[in-house]
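These notes concern the structure reproduced below.
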Amino acid sequence: MAEIVSFNSLVIQIPLLKSQKKKIVLVHGCFDVIHVGHARLFKFAKKHGDILVVGAINDALVTHYKGATRPIFEIKDRLEMLAAFRDADYVFEFKVKVGTEEEIEQGHNELYKKISPDVVASAKCDKESEYKRKRCKKMGIKYFGGALVIENKSSVIIRKIGLE
């Protein structure tokens, strides 16, 4: 089971892990309705490193991206569910101030700078995958995305059960 940590605590922990020659993999997203695709993503990501760090974006940013009816599960519940995945090592709330797209991008850049992952992984269907790929290229971080297709994304599941 993964450890739920604060972002600041994780930032302190990362240099220690890197000094032990651990390869850090970062996965981040909404993770609103947890499903098998997330398990597959974490398994895929973990193959590319030693320590899998999973960041769930704050509730306000989920609402900004997904609409007024989201998130379905508030952050504390999403973190608890994410921590139950055996491939995850650390789970944290990724707090980004909702603002302009440039401000949100700046928040993501800060995440990457402070966590300093060796790898960022995402699924092919991730709407943010192109932003992640470009950010990684600019920062010299390996990016693994596009190899994994998740059929039933959270948004699809929510529509199927009539919540949107």
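Just so you know, we're using the working numbering here: the sequence shown kicks off at 225 and counts up by one. Built from N, CA and C at the ideal position, the CB exists for glycine as well. Only a predicted model underlies this, so the values are computations on that prediction, with no experimental measurement involved.
Exercise for the section: Assign E227 to one of three DSSP states: helix, strand, or coil. Expected result: strand
Exercise for the section: Please list, in chain order, all residues of the same chain as R357 whose beta carbon is under 8 Å from its beta carbon, the five residues on each side excluded. Expected result: Y367, G369
Exercise for the section: Kindly provide the ranges of any beta strand (DSSP E) runs that are 3 or more residues long and lie completely inside the segment 267 to 305, ordered along the chain. Expected result: 275 to 281
Handout entry: Where the alpha helix (DSSP H) containing H259 begins and where it ends
Key = H259 -> no alpha helix (DSSP H), and no H or E assigned at all.
Exercise for the section: For the beta strand (DSSP E) containing K366, list its first residue and its last residue. Expected result: 366 to 369
Practice task
Please state if the CB of L303 and the CB of E325 are separated by a distance shorter than 9 Å.
Solution key: no
Practice task
Could you tell me the distance, in whole angstroms, from the CA atom of A345 to the CA atom of E334?
Solution key: 17 Å
Exercise for the section: Just the C-alpha distance for K361 and E352, rounded to the nearest angstrom, thanks. Expected result: 14 Å
Exercise for the section: Kindly indicate the opening and closing residues of the beta strand (DSSP E) around E326. Expected result: Unbroken run through E326 is the alpha helix (DSSP H), 325 to 339; no beta strand (DSSP E).
Problem - C-beta atoms of F255 and K338 nearer than 9 Å - result: no
Practice task
Quick one: using the 10 Å Cβ neighbour count with 16 as the cut-off for buried, is L240 buried or exposed?
Solution key: exposed
Practice task
Give the straight-line distance between the Cα atoms of D274 and K348, rounded to the nearest whole angstrom.
Solution key: 22 Å
Handout entry: Same chain, Cβ closer than 6 Å to P247, neighbours up to 5 away in sequence not counted
Key = It is Lys, not Pro, that sits at residue 247 in the sequence shown. The residues G273, D274, D342, in chain order, have a CB closer than 6 Å to that of K247 in the same chain once the five nearest residues on each side in sequence are set aside.
Practice task
May I ask you to list the residues that DSSP assigns as paired with L250?
Solution key: V277, V344
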